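To start, the structure itself, in structure tokens.
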Amino acid sequence: MTIDTGVNTSDVIVIGGGTGGYSTALRAAGLGLDVTLVERDKVGGTCLHRGCIPSKAMLHAAELVDGIAEARERWGVKATVDSVDWGALVATRDDIVARNHKGVEAHLAHAGVRVVRGSARLTGARTVRVESAGTESALGVHDLTARRALVLATGSRPRTLPGLDPDGRRVVTSDDALFAPGLPASVLVLGGGAIGAEYASFHRSMGAEVTLVEAADRIVPLEDADVSRHLTRGLRKRGIDVQAGARLLDAELLENGVRARVRTARGETRTVTAERLLVAVGRAPVTEGLGLEAAGLTTDERGFVVPEDWGRLETAVPGVHVVGDLLPPPSLGLAHASFAEGLLVAETVAGLESPAVDYATVPRVTYSSPQTASVGLSEAEARARGHEVDVDTMPLTAVAKGMVHGQGGMVKVVAEAGGGQVLGVHLVGPNVSEMIAESQLIVGWDAEPSDVARHVHAHPTLSEAVGEVFLTLAGRGLHQQ
-3 MTIDTGVNTS DVIVIGGGTG GYSTALRAAG LGLDVTLVER DKVGGTCLHR GCIPSKAMLH
57 AAELVDGIAE ARERWGVKAT VDSVDWGALV ATRDDIVARN HKGVEAHLAH AGVRVVRGSA
117 RLTGARTVRV ESAGTESALG VHDLTARRAL VLATGSRPRT LPGLDPDGRR VVTSDDALFA
177 PGLPASVLVL GGGAIGAEYA SFHRSMGAEV TLVEAADRIV PLEDADVSRH LTRGLRKRGI
237 DVQAGARLLD AELLENGVRA RVRTARGETR TVTAERLLVA VGRAPVTEGL GLEAAGLTTD
297 ERGFVVPEDW GRLETAVPGV HVVGDLLPPP SLGLAHASFA EGLLVAETVA GLESPAVDYA
357 TVPRVTYSSP QTASVGLSEA EARARGHEVD VDTMPLTAVA KGMVHGQGGM VKVVAEAGGG
417 QVLGVHLVGP NVSEMIAESQ LIVGWDAEPS DVARHVHAHP TLSEAVGEVF LTLAGRGLHQ
477 Q
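What follows is the structure in structure tokens.
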């Protein structure tokens, strides 16, 4: 759709076409509002082009490589991996991304969302100046006005560390790790959160020697301590050198890699030489050049735009809303959370009653091998909030399907003592990302163990371990002493 230069008016202007931005635009347009979406790059944002989708495509390839090794070593299937054709892997990954990108563009066009490609700068509370990049709009400058709402959805960028300037080859961030040339023989990953664990897992599957360094006392530190323990065990079993409670002292760029000094949790200094150093120490909100001050907006000390009303995700400036990675905690910086945020804002602007996002019931997944998936409170969080709790755990290898997979793992449920409300569910093991939906409903609907225990889980499946834990908490367990 072409936009003429001059002043253009829409009901809603959304700045940023990532998951939070385009979901807001699609829902608002579906409710009959006139919507303009401004995006300086490609709709789909980081998740589609540099994060969730391409990384999960690569992790699937890693699972295939691991499966061949398991077939040979465990099941007697005489198969080997001669090599990984990096070019073919990249081509398949990029095809998946491209098809998803075309799908998002088609959805926006079908919904009647006006897309302007360019860099946006606020000139007032509901006015925006766009310097157009010229794809779906004529080259030039456009002044846009929102009648009802302005929605900020500009996303985030990888954080870096002082003295570690990414060059796309020896030092890379999670954004450009996908596009680094070839597969390295060795990798030092800084940061043991979900992104760091996933990239450590991927590179190990592809044959690299991997060292994973996390400053906190355990990896995936936002998860339940038992999740961290089981994931650490699983990664170490695969040959990944996991160093929690460690920190980078310094790093020296070599012609074909990096030499780094790491202080371990024991106070020892280790030298790690690797072809690639991957910095995965979190993400920072993108507000540079956005002109927030012109709209009367400010950020907190971390750079987030804090909503005045979390039930509407509306800032202190009426009619200006925020979704996605610009939001501080309790928002989780997860793509699926931003979908919910987009729905909330669009429906609020349209005058509908819309439920606030319940971040406690948003599932969290780490797609490493083994995977982790959780929803609700950890055991420590529940106790810190004053809950008296009953906790039950079960190893996945206690069920037949868990033995078949052979990766280990566990189910852990945290509930109010005496058969009360389920507060949290935590999973580690193969394919647990596909098992978390049931637990999301259990926590979100304030279910009690007895509510779940009366429902029969299929046998043999991994999910029957979830069912068995709830049977045990309800006093009806069969396979746990």
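Those letters in the sequence shown? Residues -3 to 477, by the working numbering. Beta carbons are placed, not taken as given, at the ideal position from N, Cα and C, and that holds for glycine. Every value quoted in this text rests on a predicted model; they were computed, and no experiment measured them.
Does the beta-carbon of residue i, which I'm using as the reference point, lie nearer than 7 Å to any heavy atom of the ligand FAD?
i: E304; result: With respect to the ligand FAD, the structure offers nothing, as it holds no ligand at all.
Name the one or two DSSP bridge partners that residue i has.
i: N96; result: DSSP output for N96 lists no bridge partner at all.
i: Q367; result: G425
i: L474; result: DSSP, once it has assigned bridges, lists no residue as partnering L474.
i: M390; result: V407
i: T265; result: R259
i: Q239; result: V209
i: V147; result: V10 and H317
i: S115; result: E127
i: P154; result: R279
i: L250; result: G253
i: L33; result: V10 and V111
i: A142; result: S6
Classify residue i as helix, strand or coil using the three-state DSSP reduction.
i: M406; result: strand
i: A65; result: helix
i: V223; result: helix
i: E284; result: coil
i: A53; result: helix
i: I11; result: strand
i: D161; result: coil
i: P445; result: helix
i: G299; result: coil
i: V109; result: coil
i: T20; result: helix
i: T211; result: Note on residue identity: the sequence assigns Ala, not Thr, to residue 211. Reduced to three states, the DSSP call for A211 is coil.
i: E547; result: With the chain covering -3 to 477 only, the question about residue 547 has no answer from this structure.
i: G440; result: helix
i: G136; result: strand
i: H451; result: coil
i: T5; result: strand
i: G483; result: Outside the shown range of the chain, which is -3 to 477, sits residue 483, and nothing can be said about it.
i: D90; result: helix
i: T76; result: coil
i: H420; result: According to the sequence as given, residue 420 is Gly; it is not His. If DSSP states are grouped into helix, strand and coil, G420 belongs with the strands.
i: I(-1); result: Reliability of the predicted coordinates at I(-1) is poor, the pLDDT of 41 falling under 50, and no value is obtained from them.
Report the option in the options whose CA atom is closest to the CA atom of residue i.
i: A443; options: V421, S429 and H453; result: V421
i: R144; options: L323, A24, V86 and R298; result: A24
i: I215; options: P324, S6, A242 and F198; result: A242
i: A204; options: A102, T393, E35 and V61; result: V61
i: R255; options: H455, L160, V126 and T42; result: L160
i: S182; options: V124, L273 and R232; result: L273
i: L157; options: G278, F198 and R70; result: G278
i: V410; options: A53, L392 and T468; result: T468
i: G328; options: V318, V358 and S197; result: The identity of residue 328 in the sequence shown is Leu, whereas the question assumes Gly. The candidate whose alpha carbon is nearest that of L328 is V358.
i: L55; options: G192, G398 and P456; result: G192
i: V407; options: V424, V418, K74 and Q417; result: V424
i: A87; options: L245, A276, G178 and T389; result: G178
i: D354; options: S364, L340 and T344; result: L340
i: S201; options: E377, D171, G299 and S79; result: S79
i: P314; options: L322, K52, A331 and L293; result: L293
i: H199; options: D237, A376 and L104; result: D237
i: G507; options: A333, H401 and P366; result: Residue 507 lies beyond the stretch modelled for the chain, which goes from -3 to 477, so this question has no answer here.
i: A276; options: V8, T42, V168 and G440; result: V168
i: F300; options: R153, A369 and D163; result: R153
i: G108; options: L27, L186 and H45; result: L27
i: I92; options: T123, T457 and C48; result: C48
Under 8 Å by Cβ, that's how I've got residue i and residue j pegged, so tell me the actual separation to the nearest angstrom.
i: V15; j: G320; result: Checking the displayed sequence, the identity of residue 15 turns out to be Thr instead of Val. About 7 Å; that satisfies the 8 Å criterion.
i: A482; j: V10; result: Outside the displayed range of the chain (-3 to 477) lies residue 482, so it cannot be described from this structure.
i: T20; j: V112; result: Not a contact, Cβ separation roughly 15 Å.
i: A290; j: G120; result: 6 Å
Classify residue i as buried or exposed, calling it buried when 16 or more other Cβ atoms lie within 10 Å of its own Cβ.
i: V223; result: buried
i: D220; result: buried
i: H451; result: exposed
i: G189; result: buried
i: M399; result: exposed
i: T32; result: buried
i: A240; result: buried
i: F335; result: buried
i: S6; result: buried
i: T76; result: exposed
i: L288; result: buried
i: P445; result: buried
i: V345; result: buried
i: T265; result: exposed
i: V137; result: exposed
i: F466; result: buried
Does any CB atom of chain C fall closer than 8 Å to the CB of residue i?
i: L104; result: Going by chain labels, chain C is absent from the structure shown, which holds only one protein chain.
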